[in-house]
Amino acid sequence: MTREAIAKGETVEIAFANACRELGVDTTEAECEILEMPTKKTFGLFGGSPARVRAYIEENKPAEEAAAYLKNILREMGLPGVEIQIQEEEAGAALTLSGEDVGFIIGHRGETLDALQYLASLVANHVEDSYYRITLDVGNYREKRKETLEALGKKMAARAVKTGRNASLEPMNPYERRIIHTAVQTVEGAKSWSEGEDLARHVVIGPEGGERVQRRNNDRRGSRNDRRGGGRYDRDRRGPRPPRSSAPKTNPAPRSEGPKADDPNTPIYGKIEAKK
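Residue numbers (my numbering): 33 to 308.
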């Protein structure tokens, strides 16, 4: 991509400086093309014309820079023949990798693919001043993973409504947690939230009214025995009553911070800031 500006000046140097000022760059950062040389006035009074130049700079697109960077990494990983297809999107681009033996790039549950995507995003945002999102995919893995997570979210939500108990899922990145939250919303009577920090942050799914109290069978049996024995402690069968503890009672530890919804605008590894 080329950015350019055309300007005039009494000399070529002045015209070039004026054009660079319009581009917002220094004269050392741009190329100069002379369109018209200046001419002097006749007898210092008549005619004459200023210099006219074109200043321009070649800029690489963020997606192309990211793709070139990925090819270098993949070459070092033993995949010199990988093809990268670029599809421009709003505020970013989707890069699709294809070629022989590219499946192992995905890694365990997409961890390697996510790491490469993060590195590619760093490169892309070094080129562009504003945030530029890069999405990396291999063999339609992202769509297949989404379908798997949606099915998991609905299944666990239905189980939570039926049993009245909360269920914690494995740690996931923000993108995958959002998929789970969206799926849970389609199940009546279920809710979801995120707990934990950083790499341990995970989704918890439970019933909307909170967990239901579950009575144990042995508690009910114990109640019947107490009623039958008049509620007295049977020393003959059980021995002397154990002494009461004199240790002061402690208050239970405060619960962790309440549920938080994941920010729908958060990319997989958070916003990438270009290093100044």
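In this text, a Cβ means the ideal position worked out from N, Cα and C, and glycines have one as well. All of these numbers come straight from a predicted model, not from anything done at the bench.
- Under a 10 Å Cβ-count criterion, G241 is classified as exposed, with fewer than 16 other Cβ atoms of the shown protein chains found around its own Cβ.
- Of the candidates Y150, A152, G124 and D146, D146 places its Cα closest to the Cα of R174.
- E36 is bridged by DSSP to Y88.
- Each residue's CA atom was taken as its position, placing R84 and E122 some 37 Å apart.
- In the three-state DSSP reduction, D169 falls in the strand class (E or B).
- For V236, no alpha helix (DSSP H) run applies; the uninterrupted beta strand (DSSP E) run containing it begins and ends at H234 to P239, by DSSP.
- A direct Cα-to-Cα measurement between A199 and G139 gives close to 26 Å.
- For the segment 203–237, the full-length alpha helix (DSSP H) segments reaching 4 residues or more read 206–216 along the chain.
- Among the bridge pairs identified by DSSP, I116 is matched with L129.
- When the beta-carbon positions are compared, I211 and L181 come within less than 8 Å of each other.
- DSSP places S200 in the strand class (E or B) of the three-state scheme.
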